[in-house]
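Asks:
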Amino acid sequence: MSKSLQAIRGMNDILPEQTPLWRYFEGTVARLLDNYGYRQIRMPIVEFTELFKRSIGEVTDIVEKEMYTFDDRNGDSLTLRPEGTAACVRAVLEHGITGGGQVQKLWYIGPMFRHERPQKGRYRQFHQIGCEVFNLDGPDIDAELIVLTWRLWGELGIRDAVKLELNSLGTAEARARYRDALVEFLSARLEHLDEDSQRRLKTNPLRVLDTKNPDTQAVLVDAPKLADYLDDESRVHFEGLKARLDAAGIPYVINPKLVRGLDYYSKTVFEWVTDKLGAQGTVCAGGRYDGLVEQMGGKPTPGVGFAMGIERLVLMLEALDKVPEELSRQVDVYLCAFGEAAELAALTLSERVRDQLPNLRLQINAGAGSFKSQFKKADKSGALYALILGDDELAQQVVGFKPLRGQGEQQSIAWDALAAHLATCVVQG
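For the sequence shown, position 215 (counting from the first letter as 1) is numbered 215 according to this note's numbering, and the numbering increases by one without interruption.
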């Protein structure tokens, strides 16, 4: 196949054998968010480029190097969204749903796009589930978002594989004072910084704290600490968050170098990290962005949220062997019909069963085939049971009921009793 007919590098197909795990994960998160009172919002995947420059920051890696940006036929500069918060803020502003101090607890799901070097767990088209909350300014909502994710890890069976890291960035004024102190400290040690950190020192100094270069990390050991520059309001807020997490029994560590890669964060920032995925250790991250709505033209509006990467969490479930066993089975019952009259009866019978058992996964053999070939397909489907309908069964208005997994003899079940029998064997377990 020619290269032009293949998927773009870093933009992957999610194949049928993979989608059951994706649907399980997405469904688990959606149900949990519904239970916590969050409502889904759906935004376009393309926005005006200026939206991300104003919100994320023009000197961030995302805007400088990673965005997919193009001019459309009208000459407008458009960008495939690299993250969801800016688009969500644009939506709530455009439709006025946070006006008058209305509290909004929203969530979204979908693809994001960044031109990065593809590697396991990091792709150019990747998928996120995000939450955004507006018009709540206390530490209680910060805590709720973290408690919510902690509950999710428990439901997925991966709590032991993740660690919560916390920090506070303070207000913009406090961060500006710290920025000046950090620049002064690092400028005096410029020759000991790696090339990327030297560049960031001029454009986004706080991102130097996030460096992975060991030489620069050694310099940062004696650098000023952001915690020493926090304003009283941010300090009280952070202590309130920690008290709530302590009360909920959620373990965490304070990471003074945690700054996140986006300019709009303030006060609380957090990351859920793991050592089960190699270099791609962050599976969920977020924090406060109390100034973002005003920065984008709205009235002062507190905001806080997070985003989690679906690809990375799916990889974690696989790596930790936390994939539910039933996901390997896409069919509960496989109906084998032999002969045209039996095929017609199978269609009617299967629809009658579906009326009574709407959650039953029942598949009819599509296309003619021998007894042997149909049973081979039934076994390959992963079905627990095969139903057999031929001329003899048709005459007696019964179906053969044959277990395909484990012990059990084949038996005949009357058509009228089939749904009840399947409910006992399959639906009720």
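We put the beta carbon where it would ideally sit given N, CA and C, even for glycine.
Counting only runs of 3+ residues fully inside the stretch 85 to 151, write out the beta strand (DSSP E) ranges in chain order.
Replies: Within the stretch 85 to 151, the complete beta strand (DSSP E) runs of at least 3 residues are 104 to 113 and 125 to 134.
Asks: Three-state secondary structure (DSSP) at L51?
Replies: Helix.
Asks: Does DSSP put I62 in a helix, a strand or coil?
Replies: Looking at I62 - three-state DSSP - the assignment turns out to be helix.
Asks: Just checking R260 against the ligand SAM - is the residue's beta carbon closer than 7 Å to any of the ligand's heavy atoms?
Replies: The model depicted lacks the ligand SAM and carries no ligand whatsoever.
Asks: Might you give, ordered along the chain, the residues of its own chain that have their beta carbon closer than 8 Å to the beta carbon of R354, omitting 5 neighbours on each side?
Replies: Once the five neighbours on either side are set aside, the close Cβ partners of R354 are L360 and L362.
Asks: Of all the beta strand (DSSP E) runs that stay within the bounds of the stretch 223 to 305, which reach a length of 3 or more residues?
Replies: The stretch 223 to 305 contains these whole beta strand (DSSP E) runs: 266 to 273 and 282 to 288.
Asks: Relative to the alpha-carbon of V269, which residue among P214, R260 and D275 has its alpha-carbon at the smallest distance?
Replies: Comparing Cα-Cα distances from V269 to each of P214, R260 and D275, the minimum goes to R260.
Asks: For V381, count the other beta carbons within 10 Å of its own beta carbon; 16 or more makes it buried, fewer makes it exposed. Which is it?
Replies: Note that residue 381 corresponds to Ser in the displayed sequence, not to Val. Buried, by the Cβ-count rule.
Asks: Is the stretch 33 to 50 close to the stretch 86 to 105, with three or more CB pairs under 8 Å?
Replies: Segments in contact, yes.
Asks: Closest to E155 by CA distance: which of G130, K202, T28 and S187 is it?
Replies: Ranking the options by Cα distance to E155, first place goes to T28.
Asks: Quick one, which of M11, R200 and I413 has its alpha-carbon nearest H127's?
Replies: If we check each option's Cα against that of H127, M11 comes out closest.
Asks: Roughly how many whole angstroms lie between the Cα atoms of E116 and L93?
Replies: Taking the straight line from one Cα to the other gives about 30 Å.
Asks: Counting contacts by CB-CB distance shorter than 8 Å, is R329 in contact with chain E?
Replies: Looking at the structure shown, chain E is missing, and only one protein chain is on hand.
Asks: Just to confirm before moving on: does the CB-CB distance between R200 and R207 stay below 8 Å?
Replies: Yes.
Asks: Starting from the Cα of K276, find the closest Cα among E184, C131, D321 and Q397 and give me that residue.
Replies: Closest by alpha carbon: D321.
Asks: Leaving out the 5 sequence neighbours to the left and right, which residues in its chain are closer than 6 Å to A181 when beta-carbon positions are compared?
Replies: Cβ neighbours of A181 beyond the five flanking positions: P224.
Asks: Secondary structure at F25, three-state DSSP: helix, strand or coil?
Replies: Of the three classes helix, strand and coil, the one that applies to F25 here is helix, per DSSP.
Asks: Could you tell me the distance, in whole angstroms, from the CA atom of K3 to the CA atom of A285?
Replies: Approximately 36 Å between the Cα atoms of the pair.
Asks: Is the stretch 328 to 339 touching the stretch 135 to 145 in the sense that three or more CB pairs, one from each, lie closer than 8 Å?
Replies: The stretch 135 to 145 is not in contact with the stretch 328 to 339.
Asks: Between the alpha carbons of L327 and N255, how many angstroms are there, rounded?
Replies: For L327 and N255, the distance between alpha carbons rounds to 37 Å.
Asks: Considering only the beta carbon of each residue, do L152 and P251 sit closer than 8 Å?
Replies: Not a contact, by the Cβ cut-off of 8 Å.
Asks: Just the C-alpha distance for T274 and Y265, rounded to the nearest angstrom, thanks.
Replies: Roughly 22 Å between the two C-alpha positions.
Asks: With contact counted as at least three CB pairs below 8 Å, one residue from each stretch, are the stretch 191 to 198 and the stretch 227 to 247 in contact?
Replies: The stretch 191 to 198 vs the stretch 227 to 247: no contact.
Asks: Taking contact to mean at least 3 C-beta pairs separated by less than 8 Å, is the stretch 118 to 137 in contact with the stretch 301 to 318?
Replies: Touching, per the Cβ criterion.
Asks: Measure the Cβ-Cβ separation of E132 and G287 and say whether it is below 8 Å.
Replies: No, these two residues do not count as a Cβ contact at 8 Å.
Asks: Reducing DSSP to helix, strand and coil, say where R189 ends up.
Replies: DSSP places R189 in coil when its eight states are reduced to three.
Asks: Is it the case that the Cβ atoms of Y108 and Q18 are separated by a distance below 8 Å?
Replies: No, these two residues do not count as a Cβ contact at 8 Å.
Asks: For L186, I'd like the list of residues in its chain whose CB is within less than 6 Å of its CB, leaving aside the five on either flank, ordered along the chain.
Replies: Here the set comprises L201.
Asks: Using CA coordinates, which residue listed in T98, M112, L15 and L148 is at the minimum distance from L136?
Replies: Of T98, M112, L15 and L148, the residue nearest in Cα terms is T98.
Asks: Please classify E165: does DSSP put it in a helix, a strand, or coil?
Replies: Three-state result, E165: strand.
Asks: Is Y38 helix, strand or coil by DSSP?
Replies: Coil, per DSSP.
Asks: From the DSSP output, read off the bridge partner residues of Y334.
Replies: In the DSSP output, where bridge partners are listed per residue, Y334 has Q363 and A386.
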